[in-house]
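Reading through the structure tokens given below for one structure.
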Amino acid sequence: RKEVEQDPGPFNVPEGATVAFNCTYSNSASQSFFWYRQDCRKEPKLLMSVYSSGNEDGRFTAQLNRASQYISLLIRDSKLSDSATYLCVVKVGGNTGKLIFGQGTTLQVKP
Amino acid sequence: DAGVIQSPRHEVTEMGQEVTLRCKPISGHNSLFWYRQTMMRGLELLIYFNNNVPIDDSGMPEDRFSAKMPNASFSTLKIQPSEPRDSAVYFCASKIRDINEKLFFGSGTQLSVL
Numbered sequence: 001r002k003e004v005e006q007d008p009g010p011f012n013v014p015e016g017a018t019v020a021f022n023c024t025y026s027n028s029a030s031q032s033f034f035w036y037r038q039d040c041r042k043e044p045k046l047l048m049s050v051y052s053s054g055n056e057d058g059r060f061t062a063q064l065n066r067a068s069q070y071i072s073l074l075i076r077d078s079k080l081s082d083s084a085t086y087l088c089v090v091k092v093g094g095n096t097g098k099l100i101f102g103q104g105t106t107l108q109v110k111p
Numbered sequence: 112d113a114g115v116i117q118s119p120r121h122e123v124t125e126m127g128q129e130v131t132l133r134c135k136p137i138s139g140h141n142s143l144f145w146y147r148q149t150m151m152r153g154l155e156l157l158i159y160f161n162n163n164v165p166i167d168d169s170g171m172p173e174d175r176f177s178a179k180m181p182n183a184s185f186s187t188l189k190i191q192p193s194e195p196r197d198s199a200v201y202f203c204a205s206k207i208r209d210i211n212e213k214l215f216f217g218s219g220t221q222l223s224v225l
């Protein structure tokens, strides 16, 4: 079983739609969680951290459910520019820990 | 800030040849990571260093792969001998250990082994 699992998609949605991605992780000792965004043929970039109480950044909302070991990302009022691959990332291993990436979920926002 | 610098951007080589990928992390960052990305397997962590010391190399596929970080501003990933299945995009990333988890990635090296 992979340490971090995501539905690869693609998710094809119209502009203005709300879309949600989920991610599950296998290591219950995982400490920190993040969403990264990767545009086609580009490097990944941090989108947002995921906090236990949930957090919001503009149109983006991240949630963490430790009991069920899953993380979610909600995008409201999606824009064409949101088209990208969204990578779920989990930190394992304490202070010297490593960041494990999911395979990514591809989003295509269409006009 | 120049960001994480990787070279070369593209590498095409023949099976059996030695390949060396290079990375210069952001100045002041003390953690460095090497990842490999393919369509089938996504982004896989190969090895990472804290303060130039390798911490976890469990992701290195086999003995053909080796990585070094002789100083805080330079790291190499070497494949010898290379095989077609090594074809992938190799990313180097750096961050400030324990301050936050924001990884800064280089632009990657697209490796094709024929």
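Protein sequence lines, in the order shown, are assigned to chains A and P.
Each residue of the first sequence is one higher than the one before, starting from 1 at the first, in my numbering.
Each residue of the second sequence is one higher than the one before, starting from 112 at the first, in my numbering.
A virtual CB, placed ideally from N, CA and C, is assigned to each residue, including glycine.
Rounded to the nearest angstrom, what separates residue i and residue j at their Cα positions?
i, j, result
"A20(A)", "D77(A)", "12 Å"
"K42(A)", "T220(P)", "11 Å"
"D168(P)", "E194(P)", "20 Å"
"A199(P)", "A178(P)", "17 Å"
"R147(P)", "Y201(P)", "4 Å"
"E56(A)", "Y36(A)", "15 Å"
"L143(P)", "P8(A)", "27 Å"
"T18(A)", "K79(A)", "10 Å"
"S52(A)", "L64(A)", "6 Å"
"G139(P)", "S184(P)", "9 Å"
"P181(P)", "C134(P)", "12 Å"
"T24(A)", "V4(A)", "6 Å"
"E15(A)", "G93(A)", "39 Å"
Reducing DSSP to helix, strand and coil, say where residue i ends up.
i, result
"S72(A)", "strand"
"S81(A)", "helix"
"P181(P)", "strand"
"R196(P)", "helix"
"G94(A)", "helix"
"A113(P)", "coil"
"I190(P)", "strand"
"E15(A)", "coil"
"A137(P)", "Before going further, note that residue 137(P) is Ile rather than Ala in the sequence given. Here I137(P) sits in coil by DSSP."
"P165(P)", "strand"
Could you confirm whether any beta carbon from chain P is found closer than 9 Å to the beta carbon of residue i?
i, result
"L87(A)", "yes"
"F34(A)", "yes"
"G93(A)", "yes"
Do residue i and residue j have their C-beta atoms closer together than 9 Å?
i, j, result
"A67(A)", "F33(A)", "no"
"G153(P)", "G102(A)", "yes"
"L156(P)", "K91(A)", "no"
"S72(A)", "L107(A)", "no"
"L225(P)", "D197(P)", "no"
"T124(P)", "V130(P)", "yes"
"Q128(P)", "G217(P)", "no"
"L214(P)", "P44(A)", "yes"
"V13(A)", "V89(A)", "no"
"N22(A)", "Y70(A)", "yes"
"S205(P)", "P119(P)", "no"
Quick check on residue i - is its C-beta less than 9 Å from some C-beta in chain A?
i, result
"S118(P)", "no"
"F227(P)", "A query on residue 227(P) cannot be resolved here, the shown segment of chain P reaching from 112 to 225 and no further."
"S218(P)", "yes"
"Y201(P)", "no"
"K213(P)", "yes"
"D167(P)", "yes"
"G153(P)", "yes"
"L222(P)", "no"
"L156(P)", "yes"
"F185(P)", "no"
Checklist entry - At a Cβ cut of 8 Å, what residues of the segment 95-110 of chain A count as close to chain P, listed as they run along the chain? => result N95, T96, K98, L99, I100, F101, G102, Q103 and G104
Next on the checklist: So if I threshold CB-CB distances at 8 Å, which residues from the segment 41-61 of chain A count as touching chain P?
Outcome noted: K42, E43, P44, K45, L46 and S49
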